[in-house]
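*Asks:* Per the numbering used here, residue 1 is the first one in the sequence shown, and the count goes up by one each step.
Ideal Cβ placement from N, Cα and C applies to all residues, glycine included.
Keep in mind that this is a model prediction, so the values were computed, not measured.
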Amino acid sequence: MENTAVEIMEQAHAAETLKHVHSPENSIQTMDVLMAEEPLLRRIIAGAGLMGANAEDILQEISIKAFKSTQPWATHADCKRWLARVTVNACITEHRRFARVLKHEGAMKNRQQSRLHRPSSATTAMARKEANLVHQAMAKLEQTLLMPMALKYFCDLNGQEISLILKISPGAVRARLYQGRLRLAKTLTQKGLHYEY
Numbered sequence: 001m002e003n004t005a006v007e008i009m010e011q012a013h014a015a016e017t018l019k020h021v022h023s024p025e026n027s028i029q030t031m032d033v034l035m036a037e038e039p040l041l042r043r044i045i046a047g048a049g050l051m052g053a054n055a056e057d058i059l060q061e062i063s064i065k066a067f068k069s070t071q072p073w074a075t076h077a078d079c080k081r082w083l084a085r086v087t088v089n090a091c092i093t094e095h096r097r098f099a100r101v102l103k104h105e106g107a108m109k110n111r112q113q114s115r116l117h118r119p120s121s122a123t124t125a126m127a128r129k130e131a132n133l134v135h136q137a138m139a140k141l142e143q144t145l146l147m148p149m150a151l152k153y154f155c156d157l158n159g160q161e162i163s164l165i166l167k168i169s170p171g172a173v174r175a176r177l178y179q180g181r182l183r184l185a186k187t188l189t190q191k192g193l194h195y196e197y
């Protein structure tokens with residue numbers, strides 16, 4: 001009987017622990033960190049080149065993941081790193097989706113342009129061309145180079161913070177930033193834009 005009582009107490013303790021891990025309090029803690037770090041997450045999203053409705057969609061996706069998270073966080077910094085990783089992954093997914101959409105839109109645009117030959121003003125055309133060249137150059141960067149650049153130049157994070165978020169060494173962060181700047185400059189120069197790095 002004593003064994004049975006001990007087993008019952010262990011089962012009750014396990015059930016209580018499980019209830020605590022899946023309790024809304026943990027989601028509220030994660031949500032509190034999300035609210036506190038929202039400006040950082042917005043900078044990460046903007047740094048990845050996503051704006052407007054796309055940025056809001058990603059922020060909403062992150063909020064849902066944070067709300068559903070049952071991970072107990074030891075510190076605010078641990079949760080902040082997790083949120084930053086979730087944001088980076090959501091941005092990468094959005095870029096992949098956007099690349100597929102661009103490919104489809106490009107095919108549609110080529111068909112429409114073959115039917116309609118409406119020229120636009122020269123300044124608008126140049127601005128669009130320049131913006132498209134920069135966007136294409138950024139899209140051609142590997143994700144391993146794009147995300148450190150976005151975190152460094154749009155979020156003002158230092159190499160140590162970037163290394164924690166991306167789970168790479170600070171030396172790898174410096175190398176990827178250097179390679180990213182060189183590749184971006186080379187691509188833009190080949191396309192006729194002058195880019196200083």
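Report the rounded CA-to-CA distance for H168 versus A131, giving the unit in angstroms.
*Replies:* If you number the sequence shown from 1, residue 168 lands on position 168. If you number the sequence shown from 1, residue 131 lands on position 131. The sequence as given places Ile at residue 168; His does not occur at that position. Cα to Cα, the separation comes out at about 31 Å.
*Asks:* May I ask you to report which of helix, strand or coil DSSP gives K19?
*Replies:* On the sequence shown, residue 19 is found 19 positions in, with the first residue counted as 1. Residue placement at K19 is poorly supported in this model, since its pLDDT is 48, which falls under 50; the coordinates still yield a value, given next. Three-state result, K19: helix.
*Asks:* Taking the alpha helix (DSSP H) that T144 falls in, what are its first and last residues?
*Replies:* Walking along the sequence shown from the start, residue 144 turns up at place 144. Unbroken alpha helix (DSSP H) run through T144: Q143 to Y153.
*Asks:* Just the C-alpha distance for H104 and I162, rounded to the nearest angstrom, thanks.
*Replies:* Here residue 104 refers to the residue found at position 104 of the sequence shown. Here residue 162 refers to the residue found at position 162 of the sequence shown. Each residue's Cα considered, the two are about 34 Å apart.
*Asks:* Quick one, are the C-beta atoms of R85 and I165 less than 8 Å apart?
*Replies:* Translated into the one-based positions of the sequence shown, residue 85 becomes position 85. Translated into the one-based positions of the sequence shown, residue 165 becomes position 165. For R85 and I165, yes; Cβs fall inside 8 Å.
*Asks:* Between C91 and V33, is the Cβ-Cβ spacing less than 8 Å?
*Replies:* Reading the sequence shown from its first residue, position 91 is the one you call residue 91. Reading the sequence shown from its first residue, position 33 is the one you call residue 33. Not a contact, by the Cβ cut-off of 8 Å.
*Asks:* Which same chain residues, not among the five before or five after G192, have their C-beta less than 6 Å away from its C-beta?
*Replies:* Walking along the sequence shown from the start, residue 192 turns up at place 192. Within the same chain, and ignoring the five residues on either side of G192 in sequence, no residue has its Cβ closer than 6 Å to its Cβ.
*Asks:* Could you check if A66 is buried or exposed, using at least 16 other CB atoms within 10 Å of its CB as the buried criterion?
*Replies:* Stepping through the sequence shown from its first residue, residue 66 is reached at position 66. Burial of A66 is indicated by the presence of at least 16 other C-beta atoms within 10 angstroms of its C-beta.
*Asks:* Do you know how far the Cα of T93 is from the Cα of M138?
*Replies:* As a first step, residue 138 must be located in the sequence shown, where it is residue number 138. As a first step, residue 93 must be located in the sequence shown, where it is residue number 93. Taking the straight line from one Cα to the other gives about 15 Å.
*Asks:* Give the straight-line distance between the Cα atoms of R81 and A125, rounded to the nearest whole angstrom.
*Replies:* Position 81 of the sequence shown holds residue 81. Position 125 of the sequence shown holds residue 125. So the two alpha carbons sit approximately 41 Å from each other.
*Asks:* Hey, G171 and P148: beta-carbon distance below 8 Å or not?
*Replies:* The residue given as residue 171 occupies position 171 in the sequence shown. The residue given as residue 148 occupies position 148 in the sequence shown. It is not a contact, given that the beta carbons lie outside the stated cut-off.
*Asks:* Can you say whether A150 is buried or exposed, counting buried as having 16 or more other CB atoms within 10 angstroms of its CB?
*Replies:* Position 150 of the sequence shown, counting from 1, holds the residue named residue 150. Per the 10 Å Cβ criterion, buried.
*Asks:* Given a cut-off of 8 Å on the beta-carbon distance, is the pair K140 and T189 in contact?
*Replies:* Along the sequence shown, one-based indexing puts residue 140 at 140. Along the sequence shown, one-based indexing puts residue 189 at 189. No, these two residues do not count as a Cβ contact at 8 Å.
*Asks:* Under the assumption that L41 contacts T87 (Cβ atoms under 8 Å), give the Cβ distance between them as a whole number of angstroms.
*Replies:* On the sequence shown, residue 41 is found 41 positions in, with the first residue counted as 1. On the sequence shown, residue 87 is found 87 positions in, with the first residue counted as 1. Confirmed, Cβ separation roughly 5 Å.
*Asks:* Mind checking whether L59 and I45 have CB atoms under 8 Å apart?
*Replies:* For this step, residue 59 is matched to residue 59 along the sequence shown. For this step, residue 45 is matched to residue 45 along the sequence shown. Contact: yes.
*Asks:* Can T144 and R174 be called in contact, C-beta distance under 8 Å?
*Replies:* Here residue 144 refers to the residue found at position 144 of the sequence shown. Here residue 174 refers to the residue found at position 174 of the sequence shown. No.
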